[in-house]
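Just so you know, the protein sequences line up as chains A and B, in that order. So the first sequence is numbered by numbering that gives the first Met the number 0: it starts at 0 and just counts up by one. So the second sequence is numbered by numbering that gives the first Met the number 0: it starts at 0 and just counts up by one. Glycine included, each C-beta is placed from N, C-alpha and C at the ideal position.
Number of protein chains: 2
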Amino acid sequence: MRLTTKGRFAVTAMLDIALYEADKPVTLAGISERQSISLSYLEQLFSRLRKQGLVSSVRGPGGGYRIAKAHSEISVSDIITAVDEQIDATQCGGNENCHDEGRCMTHELWASLNSKILDYLSGVSLADMVDMQRKKGAGTVVFAPRKCGSEATIAA
Amino acid sequence: MRLTTKGRFAVTAMLDIALYEADKPVTLAGISERQSISLSYLEQLFSRLRKQGLVSSVRGPGGGYRIAKAHSEISVSDIITAVDEQIDATQCGGNENCHDEGRCMTHELWASLNSKILDYLSGVSLADMVDMQRKKGAGTVVFAPRKCGSEATIAA
DNA sequence: TAATAACCTACTGTTTTAGTCAATTATTAT
DNA sequence: ATAATAATTGACTAAAACAGTAGGTTATTA
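Quick look at the structure:
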């Protein structure tokens, strides 16, 4: 599985646009400055985000990027898969040819983990993150779009 | 976060020992052959697994490795953290200095994801995996040590 | 027509992955 | 005793991915 700064940067950048876009689109230069992410690196990421239809672009002065869909229609997993290609905890990528043409002994474990992660990340939308960000400072906060046994609690 | 073949190999190897150890300890050469993992690579992994107290070793002829604790006392996350150092989806490793000395906007998201993954992997023990492996072939199987909303179902 | 800002391609340094190789040490069977 | 076994250690390596740079081109607007 890959879950690196590439994906984190993409999520951060998307959230930045969601928070700052109003009448005008948001420039990568602005995101770069606010979030301390290299401009050229952002360009690479946004090339993919645009091809996946998550953002739309406007060229020229006053141009920039906009979120292309309703914020509630874009999940964190959409963003990560757009820039990172795959969220997959199995080594065979679901091909089940991990060991001697069959499924490796631990295949089910990774497949199951994989769907847990995907469940979670696809359950958190950009809209959720915007809400969350606006409520910031209210102490302990947790993303919990789906009810699940022991909820994680992040100390403030 | 890091969740690579290193961790997968370690889990597979530990499961192999758990399945094959009886009166005699299990040799790395045997694991290497059965699981198609390079012997030298296994040596590296087992150096760490031993230092973490997950396995004990016996040198000389008839020697090999044994699981050092009750199978139910060793979780998948124990194994992965032993060889991979960290399971951490936040970039700051919980230090909360991810952005300009404060917490980055997406900090809670990654922290929350992190604890979800850890919850899951620490809920699956070596004993669970052994049971699971022995029951193999019974069709659709899922690891579900903790009840949680939508259970992942892996097609057979 | 000049400034802006997206868009595109190629290149680069660093780290991690996934090993290899060669030697040493401890134990057991002969 | 000694030969075989098997863990243990350390140094080294090719390939990939990550994170970022550099330099240019194209479209749009003031």
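So residue i contacts chain A; which residues on that side make the cut at Cβ distance below 9 Å?
{"i": "B/V75", "result": "T105, L108 and L112"}
For a contact defined as C-beta to C-beta under 8 Å, what are the partners of residue i on chain A?
{"i": "B/V10", "result": "T105 and L108"}
{"i": "B/K134", "result": "What B/K134 touches in chain A: nothing, since even the nearest Cβ is about 11 Å away."}
{"i": "B/L38", "result": "Those within 8 Å of B/L38 in chain A number zero; the least Cβ separation is about 17 Å."}
For residue i, which three-state DSSP category applies?
{"i": "A/S35", "result": "coil"}
{"i": "B/V75", "result": "helix"}
{"i": "A/R65", "result": "strand"}
{"i": "B/V10", "result": "helix"}
{"i": "B/V82", "result": "helix"}
{"i": "B/V25", "result": "strand"}
{"i": "A/T4", "result": "helix"}
{"i": "B/V123", "result": "coil"}
Please identify the residue among the options whose C-alpha is closest to the C-alpha of residue i.
{"i": "B/G6", "options": "B/S76, B/S111 and B/K115", "result": "B/S76"}
{"i": "A/P4", "options": "A/E20, A/D22, A/H106 and A/L41", "result": "According to the sequence shown, residue 4 of chain A is Thr rather than Pro. The shortest Cα separation from A/T4 among A/E20, A/D22, A/H106 and A/L41 belongs to A/L41."}
{"i": "A/E104", "options": "B/S114, B/D130, B/L108 and B/L120", "result": "Here residue 104 of chain A is Met; the residue named in the question, Glu, does not match the sequence. Comparing Cα-Cα distances from A/M104 to each of B/S114, B/D130, B/L108 and B/L120, the minimum goes to B/D130."}
{"i": "B/S31", "options": "B/K23, B/R47 and B/M13", "result": "B/M13"}
{"i": "A/T80", "options": "A/E20, A/F45 and A/A17", "result": "A/F45"}
{"i": "B/S124", "options": "B/S71, B/I66 and B/Q43", "result": "B/S71"}
{"i": "A/E107", "options": "B/G122, B/M128, B/Q51 and B/D118", "result": "B/M128"}
{"i": "B/I73", "options": "B/Q51, B/V57 and B/D83", "result": "B/Q51"}
{"i": "A/Q43", "options": "A/S121, A/V82, A/K134 and A/A126", "result": "A/V82"}
{"i": "A/K23", "options": "A/V57, A/A126 and A/K68", "result": "A/V57"}
Under 8 Å, Cβ to Cβ, is there at least one residue of chain A near residue i?
{"i": "B/K5", "result": "no"}
{"i": "B/L14", "result": "yes"}
{"i": "B/I116", "result": "yes"}
{"i": "B/L48", "result": "no"}
{"i": "B/I153", "result": "Only weak support is given to the placement of B/I153: the predicted model assigns it a pLDDT of 24, under 50, and the question is left unresolved by the model."}
Establish whether the CB of residue i and some CB of chain B are separated by less than 8 Å.
{"i": "A/V54", "result": "no"}
{"i": "A/L125", "result": "no"}
For a contact defined as C-beta to C-beta under 7 Å, what are the partners of residue i on chain B?
{"i": "A/Y119", "result": "L112 and K115"}
For residue i, is the beta carbon positioned less than 7 Å from some heavy atom of the ligand PLP?
{"i": "B/T80", "result": "The model on display carries no ligand, and the ligand PLP is accordingly not part of it."}
Given 8 Å as the limit, is there contact between the segment 15 to 22 of chain A and the segment 106 to 120 of chain B, that is, 3 or more CB pairs closer than that?
Taking 8 Å as the limit for Cβ pairs, the verdict is that the segment 106 to 120 of chain B does not touch the segment 15 to 22 of chain A.
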